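Engineer: Below: one structure in structure tokens.
Right, here's the structure in full:
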């Protein structure tokens, strides 16, 4: 599919960049072109992003999304981050993004190792099963 390090199975995963700081240099229009190209040329029905704070102008990316799945892990730190994110949406008057939010209460993820089996653990373990079930329910 022209993405180099993409692993094709039932899910395609594009690993994080070697230097995550480089993501800050990508503009919102560049992201939009990239995702449009992925959807069109790759034949994807859905694109799932794991966006941290390395990408600038996240609200603009969320505005262009039809749905924003918002994963929530069952721990106090994650719940605090959720609360802060929602306060940020309110402060920026992003009610349209808030309406698109679908909260996903994620299962705990067990990873056997950070080596070669990591992708298999994620794709075929509890997290992969959770995502596949979610996709079936959306279709």
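In my numbering, the protein residues as written are 1 to 139.
All C-beta atoms, glycine included, are put in the ideal place defined by N, C-alpha and C.
Since we're looking at a predicted model, the values are computed, not measured.
1) Do the region 77–93 and the region 125–137 meet, that is, are 3 or more Cβ pairs less than 8 Å apart?
2) With the cut-off set at 7 Å, would you say residue 28 and residue 50 are in Cβ contact?
3) What do you get for residue 131, buried or exposed, if any count of 16 or more other CB atoms within 10 angstroms of its CB means buried?
4) Going by Cα to Cα distance, which pick from 85, 33, 74, 20 is closest to residue 106?
5) Quick check on residue 124: does DSSP put it in helix, strand or coil?
6) How is residue 48 classed by DSSP in three states: helix, strand or coil?
7) Roughly how many angstroms lie between the CA atoms of residue 58 and residue 66, to the nearest whole one?
8) Check the DSSP bridge columns for residue 68 and list the partner residues they point to.
9) Do you know offhand how far residue 35's Cα is from residue 77's?
10) Does the beta-carbon of residue 6 have 16 or more other beta-carbons within 10 angstroms, so that it is buried, or is it exposed?
11) Relative to the C-alpha of residue 69, which residue among 17, 100, 23, 16 is closest?
12) Confirm, please, whether the CB-CB distance from residue 89 to residue 98 is below 7 Å.
Structural biologist: By the coordinates alone:
1) no
2) no
3) buried
4) Checked all of 85, 33, 74, 20; the closest Cα to residue 106 is 74.
5) helix
6) Residue 48: coil per DSSP, three-state reduction.
7) Answer to the nearest angstrom: the Cα atoms are 14 Å apart.
8) 101
9) C-alpha separation (whole angstroms): 30 Å.
10) No answer about residue 6 holds up, because its pLDDT of 42 lies below 50 and its placement is not dependable.
11) The residue with the shortest Cα to Cα distance from residue 69 is 100.
12) yes
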